[in-house]
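Notes to accompany the following structure.
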Amino acid sequence: MQTRKKYIFITFFASWLLLFFFGGDQIRRLAFLSRKKATVLKNWPRWTDRSLLKSFADPEELQSDGGHHKQSAKHSRCRMETCFDFSRCEKHGFKVFVYPMEREDPVSESYLKIITSIEESRYYTSNPEEACFSLWNDGRNHLIFNLYSGTWPNYTEDLGFDIGQAILAKASFYVENFRPGFDISIPLFSKEHPQKGGKRGWLYQNSVPPKKKYMLAFKGKRYLTGIGSDTRNALHHIHNDPAAGLLIRELVATRLNGLGLTSAIVCCFSSNGWELPFSEVIDWSKSAIVGDERLLLQVTQSHAILAFQQQTQFLWEAYFSSVEKIVQTTLEIIKDRLFHRESRPKFLWNTLPGGLLALPEYSTHLGDFPFYHLQHGSSPSGKFTAFIRAVSPVVSLSQPILKLIQAVSRSQHCAQILVLWSCEKPPPPRGRWPQTAVPLTVIHGRRKVSDRFFPYSAIGTDAVLSLDEHTSLSTSEVDFAFVVWRSFPDRIVGFPMRSHFWDSSQSQWGYTSKWTNEFSMVLTAAAFYHRYYHSLFTNYLPASLRSLIDQLSNCEDILMNFLVSAVTKLPPIKVTQKKQHQEAAPHCPVPEGSRPRQDCLNRFAAWFGYMPLVHSQLRLDPVLFKDQVSVLRKKYRHLEKS
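Everything in the sequence shown is counted per UniProt numbering, starting at 1 for the first residue and increasing by one.
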C-alpha cells in the first residue's frame, strides 16, 4: 500500500513539474504581452465546411491568417459621457475651431478639402474660446480625421501619435478598435472626390424587374484569405475567364466605393471586421447585402434589388457625393450626441431628403416637415398664412397692397395675414388697413430682403403664401393654388415663372423671363411653400449668401428656388395661365451693363457645386377649365375671367 502511495505521489509531482515548465511558461508570456500592450493576434474562425467549395489558393495562403490589428491604445473605453466636456457647448452652442495651418507644412488635397468644408460650414468659428471643439487638452473635445488605413489585410490602426480622448473619424475602421457612440467611421475617398456638389446617381429610371446581364463585379485581387476565401478565389478565376466580363454599372460590387453607390450597384459587405461608414445613423440593411461571402451567389428577389438600388442613390447624394457632405454628416452626428433631446430620429437619416436637411432645431416630429406626410399618414393643415412684404408707404386707399389684402382675406383657407413692413416710413395706423375677417398683423422688418424668409414665430400654419405688395391675385386663384399645394407640400406652387439656361458663348448660366415652353423657377412674389423652408433658408444656407442678396436687395426668390430644388430634386409647380409680373427694381444702384439676377444665378450655382434647378413643362389648371360645359358646373369659374 505504501509503495502504491509512493508511485501516486511521484506521478503527481512529475505532472506538476510538467505543468509548471510548459503551461506556466505560456501563462507568463501572456501576462508579459498584456503588460506591454502588445499586439493581440486574432485568428479567423475555422469553418468545418470549407471543403464544400473548391479552393484555388495555395495551401500556405489558406493556412495564413489575415491582418494583425492592434488594440486601441490609451483610451479604448472612451465614451461621450467620460471623454467629452459638454459644458463647453452650452454657452455658444455647437461651434468648431480649426487649428491654423503652418505655411511650410505639406498639405494633401484631401486634407485641404476637409478643412475648407469645416470653415465653410455654419458651425465654424475663428475664436477658440467660443468653440465646442477647442484647443488640445489630452484630445478632449477634439475631432481627428484619418483617411489612409492601408489595404486589406493590413489595415493600419496606429496613427503614429496618442490621440488621447479625441474623437476619431476614420476610414476603414477595424470594428474591435471602434468605440461605439464615440468614434465615427467615414468612407474612404480619393483626392479627386469633389469638394461640393458631386455627381448625381446614374439610376435615372427604375427597371422592373431590375435584371442585369452580369450579376457580380469582382475587384480582381487573389490574395484574399479567411472567411469566404474559397468563394473569392473562385470568383477570381471566373473573372479571368475570357468569356466573362466586368461591367462597373451592373448589379453587385465587392466593396463600398463612390463608383458603386453612384451607379446604383447593390454593395455586398463581406468583411466581418469593418465598421461601415456612418453606421450610427445609416441603416445599411436597406441598401446593401451584409453577410458571409459564401452566400454571394444566392439569388436576391427582384423587389429587394430595386429597393436596394433606390436607397443607394439616396445615400450617395445625401451623404457621400462630396467631401462637404461627408464632413457635414460627421459634424451632425456629433451634434446629435451632444443635444440628445433635439437629435434626429434614425428615420430622418434614412429617408429623403436625409438627415442633413432635416434640422432638429425646427422639430423632430415627422408631421412638422413637408417631406413625410405620405409615410406619416397625415396631410398638411387646411389653412395658410399670407405673408406680404411691403417696401412702399401707404398713401392711397387704391394702392395694390390694400386690394391684395382684401382678396386674400376672402379665401376660405386663409388663417391670418402678416405684413412685413420694410419701408423707411412708419406703417399706417390700424384704421387705415382694410377690414378683414382674419387677423392682420404688421411685423417691423430691417429693410433686408433676407428678412422675407426669416422663421417668424407668428407664422402658425404649415403653408405660407408669399406675396409682393404689387401682386394682383383673385380669391379663386388663391384657393386653387392652395389646394394644389396641399398635394405637393414639399414644392413651391405659384404663378409667375422664370427659367435658366446654359449660355455656351459665355460659358455660364443665363436667366430669362421670356415666355417659353418650360420653366425652372416660380417667383415668391405669388407662391405657396412650406414654412420649414424659412428655417432652412436662415439656418442652413451660409451667411455669405444672405449677405449677398441683402447687398443687392435682389435675388432672394432665386435663392429660395435653388434651396427647394436642391432639397427635393424636383421642379416647382406653376398653376393657371400665365400671370403678368413685373420684377421689383433693386433699391441700390446697379452698375451699367451688369445683370444682377444672372450674376446671382451663377454665384448660387458655384456655392451649391452644381445647378440644382430642374426644368418643367407642366402647368396645372382646374378640371373643366375652359371646357365647353355649363359655368355653373365649374368650381373655379372665375379663373377663366382673369
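Think of the CB as a built atom: it goes at the ideal place given N, C-alpha and C, for glycine as much as any other residue.
Computed from a predicted model, the values in this text were never measured in an experiment.
For residue i, name the three-state secondary structure that DSSP assigns.
i           : result
K325        : helix
R140        : coil
S185        : strand
L356        : helix
G510        : strand
S110        : helix
G494        : strand
S535        : helix
M560        : helix
E275        : strand
I459        : coil
R389        : strand
W502        : strand
Y636        : coil
V96         : strand
F133        : strand
S616        : strand
T11         : helix
V281        : coil
C89         : helix
Y148        : coil
F453        : helix
residue 652 : In the structure as shown, the chain starts at 1 and stops at 642, and residue 652 therefore has no counterpart that could be examined.
Y123        : coil
Measuring alpha carbon to alpha carbon, tell me which residue in the options is nearest residue i.
i           : options                : result
E130        : A525, I144, V98, D451  : V98
A390        : L348, L357, T441       : T441
P128        : A437, C89, L168        : C89
L420        : S450, Q328, V564, G181 : S450
residue 648 : V394, A463, W136       : Look at the range of the chain in this structure, 1 to 642, and you will see that residue 648 is not part of it.
A525        : G139, S547, K383, I492 : I492
Y362        : N350, E342, S379       : E342
S126        : R140, Y111, S396, K95  : K95
D85         : W284, I167, F178       : I167
residue 718 : S378, S379, D336       : Outside the displayed range of the chain (1 to 642) lies residue 718, so it cannot be described from this structure.
R79         : H142, K626, N554       : H142
E477        : Q577, Q399, A415       : Q577
I401        : D368, S472, E317       : S472
F519        : Y456, F161, R498, M611 : R498
F387        : I163, Y111, H444, S565 : H444
L356        : F482, P455, Y540       : Y540
R597        : Q551, V438, H340       : Q551
H193        : D183, S321, P100       : S321
G198        : V631, Y636, W607       : W607
K91         : H340, C132, T82        : C132
V484        : Y636, I417, V629       : Y636
H373        : L348, Q328, N517, L397 : L348
Q435        : P187, E81, S409        : S409
Between which two residues does the beta strand (DSSP E) carrying residue i extend?
i    : result
F528 : 526-530
T441 : 440-444
L420 : 414-421
V290 : 288-290
I167 : 167-171
R341 : Counting along the chain, R341 falls outside any beta strand (DSSP E), and DSSP gives it neither H nor E.
Since residue i is in the alpha helix (DSSP H), which residue starts that stretch and which ends it?
i    : result
H376 : 373-376
K574 : Here K574 belongs to no alpha helix (DSSP H); instead the beta strand (DSSP E) covers 573-575.
C600 : 596-608
C83  : 80-83
Q406 : 400-409
L467 : Run containing L467: none in the alpha helix (DSSP H); it sits in the beta strand (DSSP E), 463-468.
K346 : 346-349
F625 : Taken as a continuous stretch (DSSP letters only), F625 belongs to no alpha helix (DSSP H), as it is neither H nor E.
A543 : 543-552
A307 : 302-315
R486 : 475-487
Counting only beta-carbon atoms, is residue i nearer than 9 Å to chain C?
i    : result
S287 : In the displayed structure, chain C is absent; only one protein chain is listed.
Closer than 8 Å is the cut-off here; do at least three beta carbon pairs connect the region 504-520 with the region 601-617? Three or more Cβ pairs closer than 8 Å define a contact, and the region 504-520 meets that threshold against the region 601-617.
Flag this pair as touching only if the region 374-391 and the region 450-465 have three or more C-beta atom pairs under 8 Å; answer yes or no. Under the Cβ criterion (8 Å, minimum of three pairs), the region 374-391 counts as touching the region 450-465.
Spell out a yes or no on whether the region 526-536 and the region 480-495 are touching, meaning 3 or more CB-CB pairs, one atom from each, closer than 8 Å. yes
Are there three or more Cβ pairs, one per stretch, closer than 8 Å when the region 609-620 is compared with the region 558-571? Contact annotation: the region 609-620 touches the region 558-571, with at least three C-beta pairs closer than 8 Å.
Inspect the CB distances between the region 299-312 and the region 102-110 and report whether three or more fall short of 8 Å. The region 299-312 makes no contact with the region 102-110; the number of CB pairs closer than 8 Å stays below 3.
Three-pair Cβ contact test at 8 Å for the region 551-568 versus the region 606-615: yes
At least three beta-carbon pairs within less than 8 Å, the region 310-321 to the region 366-376: no
Stretch pair the region 551-560 + the region 621-631: three plus CB contacts closer than 8 Å: no
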